[in-house]
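In our numbering, the protein residues as written are 38 to 399.
Inspection log for the structure reproduced underneath, given as structure tokens.
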Amino acid sequence: MTPEIATTVRAYAPGRVNLIGEHTDYNLGYALPIALRSGTSVTFTADDGDVLAVTSEAESQDITVAVDTAPGDLDGWGAYVAGCVWALQQSGHVVRGGRMSITSTVPMGSGLSSSAALECAVLLALTAERPLPPLKVARIAQRAENDYVGAPTGLLDQLSSLYGRADTALLVDFSSLEVTEVPMDLGDAHRLLVIDSHAPHQNVAGEYAKRRVSCENAAGELGVSSLREVDPEAWRRLRDEPERSRARHILTENMRVLDAAEALRHGDLATLGRLMCLSHASMRDDFEITTEHIDLIAERACELGALGARMTGGGFGGSVIAFCSDEVAHRITAELGETVADAGYPAPTIRAVRPGRGAHLC
Ligand code: GAF
Numbered sequence: 038m039t040p041e042i043a044t045t046v047r048a049y050a051p052g053r054v055n056l057i058g059e060h061t062d063y064n065l066g067y068a069l070p071i072a073l074r075s076g077t078s079v080t081f082t083a084d085d086g087d088v089l090a091v092t093s094e095a096e097s098q099d100i101t102v103a104v105d106t107a108p109g110d111l112d113g114w115g116a117y118v119a120g121c122v123w124a125l126q127q128s129g130h131v132v133r134g135g136r137m138s139i140t141s142t143v144p145m146g147s148g149l150s151s152s153a154a155l156e157c158a159v160l161l162a163l164t165a166e167r168p169l170p171p172l173k174v175a176r177i178a179q180r181a182e183n184d185y186v187g188a189p190t191g192l193l194d195q196l197s198s199l200y201g202r203a204d205t206a207l208l209v210d211f212s213s214l215e216v217t218e219v220p221m222d223l224g225d226a227h228r229l230l231v232i233d234s235h236a237p238h239q240n241v242a243g244e245y246a247k248r249r250v251s252c253e254n255a256a257g258e259l260g261v262s263s264l265r266e267v268d269p270e271a272w273r274r275l276r277d278e279p280e281r282s283r284a285r286h287i288l289t290e291n292m293r294v295l296d297a298a299e300a301l302r303h304g305d306l307a308t309l310g311r312l313m314c315l316s317h318a319s320m321r322d323d324f325e326i327t328t329e330h331i332d333l334i335a336e337r338a339c340e341l342g343a344l345g346a347r348m349t350g351g352g353f354g355g356s357v358i359a360f361c362s363d364e365v366a367h368r369i370t371a372e373l374g375e376t377v378a379d380a381g382y383p384a385p386t387i388r389a390v391r392p393g394r395g396a397h398l399c
């Protein structure tokens with residue numbers, strides 16, 4: 038028998054920025070994300086063993102993952118890799134051992150979905166011989182994150198990473214899982230800035246899970262299985278807090294997402310910006326997932342002339358995004374750091390981003 042020649046595959050998956058529609062995914066609502074042009078690359082050479090030896094450029098310690106790993110075996114970044122191995126096996130796919138190396142240009146903890154980028158790139162690499170449909174990959178990645186890592190997240194990040202397209206935003210309906218492309222070519226006159234606060238965001242921490250439980254309770258009190266099934270004013274029928282405010286955020290946010298997609302289709306960036314500010318206020322006052330630090334960045338970006346600014350991602354830190362003219366982008370880059378530093382916070386990192394291509398084998 039001729040020995041099999043070891044082939045090496047390489048997969049790439051981007052991070053994401055959610056333009057609007059926060060915490061709506063697990064409520065089966067709507068969101069409008071883009072994939073970034075920075076992401077995670079995974080190189081994988083399979084062998085006939087039953088262990089994956091994994092190195093990551095960003096981590097000092099290598100890990101090994103048994104192909105029959107189970108929840109609890111690994112934590113930290115290794116749990117995301119091991120979770121993918123476990124979730125693939127759970128879905129009936131064979132995982133081979135081998136060597137895997139990881140590099141990434143998505144900053145960790147910045148609310149730009151470094152975890153989904155890692156999961157999607159690992160899954161694409163592990164299934165390169167028999168590629169799976171993107172929706173299946175998204176669900177397996179979500180299972181890894183929910184049941185192995187222990188973060189009760191929705192499908193927003195994985196769908197953004199897998200379906201991303203250059204100069205295109207994605208209108209995602211989390212009930213039908215339909216993804217509609219909305220052209221988003223900013224040209225040279227406008228910029229989408231990502232302002233990384235350097236206050237780390239984490240979905241594993243308890244507050245994310247608490248928001249999810251409040252939404253489930255709100256739906257239960259309204260007699261439905263998800264907040265997607267009620268009319269936009271249904272939050273008025275809830276008497277108790279925090280369910281009333283949490284439901285109001287979700288129901289008004291869904292409307293804002295649909296309006297934002299419409300505004301983007303018509304190139305109406307002023308309306309898009311206004312909706313982003315309303316979304317931020319709703320996350321601050323009703324969903325209570327922002328922080329004073331994040332609020333300060335969003336407010337200052339608007340004072341400096343942004344059309345709109347809002348926190349993106351799960352919350353309690355991470356990044357703020359701002360839509361603005363090229364001229365205002367320069368002003369924000371030059372002046373925002375000073376306000377933030379005067380308030381005693383670390384200087385933010387600010388960069389302009391554009392929608393990029395989704396996950397693929399290279
Ligand atoms: C995090 C989660 F991973 C997503 O599923 C989503 O809920 C998001 O927070 C908030 O919109 O990124």
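Beta carbons: idealized from backbone N, C-alpha and C, even for Gly.
| Check | Outcome |
| --- | --- |
| Identified DSSP bridge partners for L229 | F360 and V390 |
| Check whether H238 and G146 have beta carbons under 8 Å apart | yes |
| Assigned secondary structure, P171 (DSSP; H/G/I helix, E/B strand, else coil) | helix |
| Helix, strand or coil at M38 [DSSP, three-state] | Confidence in M38 is poor, its pLDDT being 48 and thus under 50, which makes the residue's placement unreliable; the coordinate value appears in the next sentence. Looking at M38 - three-state DSSP - the assignment turns out to be coil, as it is neither helix nor strand. |
| Local Cβ density within 10 Å of Q98, reported as buried at 16 or more and exposed below that | exposed |
| Sequence-distant residues of its chain with Cβ nearer than 7 Å to D332 (five each side left out) | R321 |
| 8 Å Cβ cutoff met for T376 and R347 | no |
| Contact under 8 Å by Cβ, A72 with S197 | yes |
| heavy atom of the ligand GAF below 7 Å from S150 C-beta | yes |
| Where the alpha helix (DSSP H) containing M320 begins and where it ends | L306 to D322 |
| N12 Cβ short of 7 Å to the ligand GAF heavy atom set | Because the chain in this structure spans residues 38 to 399, residue 12 falls outside the shown range and cannot be described. |
| Pick from H317, S234, I139 and Q126 that is closest to G355, judged by C-alpha positions | S234 |
| Own chain, CB closer than 8 Å to S78, minus 5 neighbours either side, in chain order | R47, A48, Y49, I139, T140, S141, A158 and C399 |
| Residue environment, G76, which counts as buried when at least 16 other CB atoms sit within 10 Å | buried |
| For Q126 and L319, the rounded distance between their alpha carbons | According to the sequence as given, residue 319 is Ser; it is not Leu. Each residue's alpha carbon lies about 40 Å from the other. |
| Cβ pair R425, A255 closer than 8 Å | In the structure as shown, the chain starts at 38 and stops at 399, and residue 425 therefore has no counterpart that could be examined. |
| Other residues of its chain near A380: CB distance less than 7 Å, five sequence neighbours each side excluded | L333 |
| Near the ligand GAF: T190 beta-carbon under 7 Å from a heavy atom | yes |
| Neighbourhood of G191 by C-beta distance below 6 Å, restricted to the same chain and skipping five residues each side | D62 and Y63 |
| Extent of the continuous beta strand (DSSP E) to which M137 belongs | G135 to S141 |
| Heavy atom of the ligand GAF within 7 Å of E59 beta-carbon | yes |
| L193: CB within 7 Å of a non-hydrogen atom of the ligand GAF | yes |
| Helix, strand or coil at S75 [DSSP, three-state] | strand |
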